[in-house]
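Take a look at the structure set out below.
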Amino acid sequence: MSIPPHSRRKSKYEPRSHAGGMDSVRTSAMIASLDAEGRETIDAPFGHTLVDLAKTRDDILGLSADLSKYTDLHIFAQAYPDRFYQMGMAEALLMSAAAGLAREGFVPFATTYAVFAARRAYDFIAMAIAEENLPVKIACALPGLTTGYGPSHQATEDLAIMRAMPNMTVVDPCDAIDVAGATRAMMNHEGPAYMRLLRGKVPKVLDVYDYDFVLGRAKLLCEGKDLLIISSGIMTMRALDAAKFLAKEGVGIAVLHSPTIKPLDQETIIREVQKNGRLVVVAENHSITGGLGDAVAKTLLTHDVFVPLRQIGLPDEFLDAGALPTLHDQYGITVERVVGQLRHWLEG
Amino acid sequence: MSLMRRAWAIRRHALLMGEVQGQGYIGQALGVADILAVSYFHAMNFRADNSEWEQRDRFYLSIGHYAIGLYAALIEAGILPEDEIATYGMDDSRMPMSGMAAYTPGMEITGGSLGHGLGIAVGAALGLKRKKNTAIIYNLLSDGELGEGSTWEAVMSATQWQLDNLIAIVDFNNQQADGPSRSALAQGNELPKWEAFGWFAQEVDGNDLDALMVAFDAARHHPEPCPRVIICNTKMCCGISFLEAREKTHFIRVEPDEWAKALLEHEEKKPL
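So the protein sequences, as listed, match chains G and E.
Residue numbers for the first sequence follow our numbering, beginning at 1 and rising by one.
Residue numbers for the second sequence follow our numbering, beginning at 1 and rising by one.
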C-alpha cells in the first residue's frame with residue numbers, strides 16, 4: 001500500500017534564482033542561541049550551578065545518555081569526572097540506573113533531550129523513580145519548540161506527559177537566572193523533579209525584576225491594568241517584551257511568571273486573576289493540550305473563577321522543520337506575533 | 001536446617017498463599033523455590049530483624065508477579081511474619097499480588113513493569129561501589145524479560161562499568177503469558193549471548209540445589225571484573241506432580257479441593 005498523497009508534505013520551497021544567492025536561507029540548526037541577539041547571556045547556567053552545588057554536596061552525581069555536551073552536563077563531568085556516568089545512548093537504562101543510585105542514597109541528575117525522557121523513558125521514570133518518590137532530578141534540553149529539527153526533537157507535549165505523573169515536580173524556567181535557581185531548588189526538593197533545560201548561552205532577563213526562583217511559586221513580574229499574561233519558560237521572556245512594547249501604546253500588560261507547572265501556584269494565580277476584570281492569557285512554549293494553559297483553566301474552573309481565558313501556545317500538531325525564527329513566527333510565539341494577538345483580543 | 005528443607009518450606013508458604021486467593025502465579029513460585037532457598041540460605045547476607053541493614057545483599061525482583069515466591073522466602077527468612085500468609089493479596093495487606101517496594105519489608109524494588117530490574121540493579125551496583133560497600137546485588141529476572149530491550153541496555157552497561165557486584169539470575173521456565181518463551185524472543189541458546197556481552201555466564205538446572213550452590217559460589221567468587229549471570233532452567237510448578245503436568249501454567253486456576261491435594265502431596269515430600 002502506498003502512502004496516500006494527502007498525507008505527504010507538500011514542498012513549500014521555491015527554487016531561488018541565482019541572483020538571490022544562499023545568504024537568505026536560514027538553517028534549522030538546534031545550536032542556535034535562543035533570543036540572544038542584543039541580550040546579555042550567561043554560559044551554561046545548569047552546568048555551572050551543578051558544579052557549584054557539588055562542592056558542598058558529595059551525594060550529587062551526573063548521568064547522561066550520550067548528550068552531556070548538549071545538556072551542559074559536560075561542565076560537571078569536567079569538574080568531577082569520577083561523579084559523572086556516561087550511560088550511553090540508552091534512556092531506559094539512564095532512568096533506571098539513576099533510580100538505583102538514588103536507592104543507595106545519591107542524588108542523581110540525569111540529562112537527555114526532553115523528547116527522549118518524556119516519550120521513550122516514560123515507564124522507567126514512572127515506575128523506577130516516581131512511584132518510589134526517589135530524588136532523581138531530570139534535566140532535559142530542547143523543550144517545546146527550541147529546535148528546527150522537526151517532531152523527533154521538538155518536545156511539544158513533555159509538560160503534559162510529566163504533569164500527569166504522580167509525585168513528579170515539573171519546572172519550566174525562563175532564563176539563565178531561572179535555570180540556576182531551579183537547579184538549586186530541585187536539589188533541595190526531596191522527591192523526583194523534571195526541569196526543562198535551556199542550555200548554552202542562555203539569555204539573562206529576570207535579574208531586573210527582583211526575582212528568585214521558588215519551587216511551587218508564581219511571581220508577578222510586572223503590573224498592568226488591561227490584560228494578565230500567565231506564562232512559563234521562554235514565553236515569559238516574550239511576554240515581558242510584548243508588555244514593554246504595548247506600554248508605549250498605553251496598554252497595560254501584567255506578567256505572572258509561573259515556572260513551576262506542578263505543583264501549580266494556584267493561590268497566586270487565582271489572586272491575580274481576580275484582581276480586576278482583565279482578560280487572562282496563558283502563554284507557553286508547549287502544545288495547547290495538557291500544559292500550563294490547561295492547568296490554569298482547570299484551576300480557575302474548579303475554584304469557581306469564571307473569566308475570559310485565551311491561550312498562546314503551539315498547536316496540537318507535529319510541527320514543521322525549519323529555521324527556528326521562521327517556526328516561532330509561523331506558530332505565533334515571537335514577540336511580534338504575541339503583540340499582534342494581544343492587540344486583536346483587546347480590540348475584539 | 002538443610003537447603004532442601006528450606007526450599008520445601010518456601011513451597012509450602014507459597015501454596016498456603018495461593019490457597020488464600022485460589023489462583024495466581026503459584027507455578028512460578030514453585031519453580032523458583034530452589035533458587036530462592038539457595039539465594040537466602042546459602043549465598044546472601046541479611047538480617048531478619050533489619051531489612052534495611054546497609055551491608056545486606058540486595059535481592060531485586062524484577063518480575064513483580066513472582067512476589068508470592070519472594071514473600072514465601074522472606075517468611076522463611078524471618079523477615080516477614082508467617083501469620084501474614086492469610087493476608088496475601090487482601091486489602092491492606094503488606095503482600096500485594098505484584099511486588100512493590102513501599103509495601104513489603106525485604107521487597108527492594110517495585111517490579112511488574114518488566115525490563116526494569118536489571119537497569120535499577122546497574123545503578124545500585126554503581127552506588128554500592130561508590131560507597132565501597134561490598135554487598136552484592138542479585139536480580140531475579142525471567143526469560144520473558146529477555147525480550148525487553150531495556151534488559152539489554154542494562155546488560156551492556158553492567159559490562160561497561162565492570163559490575164562484579166551484580167549477579168543476574170534468569171528464571172528460564174519457558175512459559176510467558178501467551179505461550180512458550182522459546183517461541184517468542186527468548187529462543188534458547190542464551191548462554192553465548194550473555195558471554196558475548198562480556199558476562200561470566202553459567203547455565204544450570206534451576207531445580208537442582210547442589211548445582212545451584214556450585215553456580216552461586218562460582219558467580220560470587222569469579223575473579224574477573226565482570227557482571228555474572230546464572231541462567232536457571234526451571235520447571236513450572238516444580239514439586240507438585242499434578243500441577244507440573246498442566247500445559248498452561250503461566251497463571252493457573254486451582255480448584256478449592258486441589259489446594260488440599262497439593263498440600264497433601266507436598267507434606268508427603270517433607271525432607272527430614
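Glycine residues also receive a C-beta, built at the ideal position from the N, C-alpha and C atoms.
Exclusion of the five residues before and after G252 (chain G) leaves G224, K225 and D226 as the residues of its chain whose Cβ lies within less than 7 Å of its Cβ. Residues of chain G whose Cβ lies closer than 8 Å to the Cβ of S51 (chain E) do not exist; the shortest such Cβ separation is about 14 Å.
Distances from the alpha-carbon of K55 (chain G) to those of G:L94, G:A79, G:G38 and G:A65 put G:A79 closest.
Secondary structure at D43 (chain G): strand, using DSSP grouped into helix, strand and coil. Per DSSP, N188 (chain G) is one residue of the alpha helix (DSSP H) stretching across A176 to N188. The three-state reading of DSSP puts Q187 (chain E) in coil, since its state is none of H, G, I, E or B. Between A14 (chain E) and A72 (chain E), the C-beta gap is smaller than 7 Å, which places the two residues in contact. For chain G, the residues of the stretch 118-145 of chain E that bring a beta carbon within less than 9 Å of one of its beta carbons are L118, G119, I120, A121, V122, G123, A124, A125, L126, G127, L128, R130, K131, N133 and I137, in chain order. Between T104 (chain E) and chain G, the shortest Cβ-Cβ separation is not below 7 Å.
Listed as beta-bridge partners of P151 (chain G) by DSSP are no residues whatsoever. Listed in chain order, the non-local C-beta contacts of R47 (chain E) below 8 Å within the same chain comprise W53 and R56, local neighbours out to five positions each way being set aside. With a cutoff of 7 Å on beta-carbon distance, G148 (chain G) and G313 (chain G) are scored as not near each other. Of the candidates G:R119, G:N188, G:A242 and G:I288, the residue whose Cα lies closest to the Cα of I60 (chain G) is G:N188. Shown in chain order are the members of the stretch 95-107 of chain G whose Cβ falls below 8 Å from a Cβ of chain E: M95, S96, A97, A98, A99, G100, L101, A102, R103, E104, G105 and F106.
Residues of the stretch 284-309 of chain G with a C-beta atom less than 9 Å from some C-beta of chain E do not occur. With 16 or more other Cβ atoms inside 10 Å of its own Cβ, D164 (chain E) counts as buried.
When Cβ pairs closer than 8 Å are counted between the two stretches, the stretch 231-247 of chain E is seen not to touch the stretch 328-338 of chain G, the count staying below three. Between the alpha carbons of I230 (chain E) and E131 (chain G) lies a distance of about 29 Å.
Taken residue by residue, none of the stretch 247-278 of chain G has a beta-carbon sitting less than 9 Å from a beta-carbon on chain E. Relative to the Cα of A117 (chain G), the nearest Cα in the group G:V214, G:A155, G:T260 and G:P108 belongs to G:A155. With respect to chain G, the C-beta atom of E153 (chain E) has a partner C-beta closer than 7 Å. Among the residues facing chain E, M165 (chain G) is not included, as its CB has no counterpart in that chain under 7 Å away. For chain G, none of the residues of the stretch 179-209 of chain E brings a beta carbon within less than 7 Å of one of its beta carbons.
With a cutoff of 7 Å on beta-carbon distance, P96 (chain E) and S51 (chain E) are scored as not near each other.
Where K201 (chain G) is concerned, the enclosing beta strand (DSSP E) starts and stops at K201 to P203.
For R56 (chain E), the secondary structure class from DSSP, reduced to helix, strand or coil, is coil.
For a Cβ distance threshold of 7 Å, residue set S96, F124, M127 and A128 of chain G lies close to H116 (chain E), ordered along the chain. A direct Cα-Cα distance of roughly 15 Å separates E91 (chain G) from D158 (chain G). Three or more Cβ pairs drawn from the stretch 184-198 of chain E and the stretch 146-160 of chain E lie within less than 8 Å of each other, which places the two stretches in contact. G99 (chain E) and S113 (chain E) have their C-alpha atoms some 11 Å from each other.
Closer than 7 Å to the CB of A67 (chain E) there is not a single CB belonging to chain G. According to DSSP, T169 (chain G) shares a beta bridge with G:A193.
Going by C-alpha positions, V280 (chain G) is about 18 Å away from F245 (chain G). Shown here, E284 (chain G) sits in a strand according to DSSP, grouped into three states.
Sequence-ordered contacts of the stretch 69-98 of chain G with chain E read Y85, M87, G88, A90, A92, L93, M95, S96, A97 and A98 [C-beta pairs closer than 8 Å].
Pairing V32 (chain E) with G89 (chain E) gives a Cβ-Cβ distance that is not under 7 Å.
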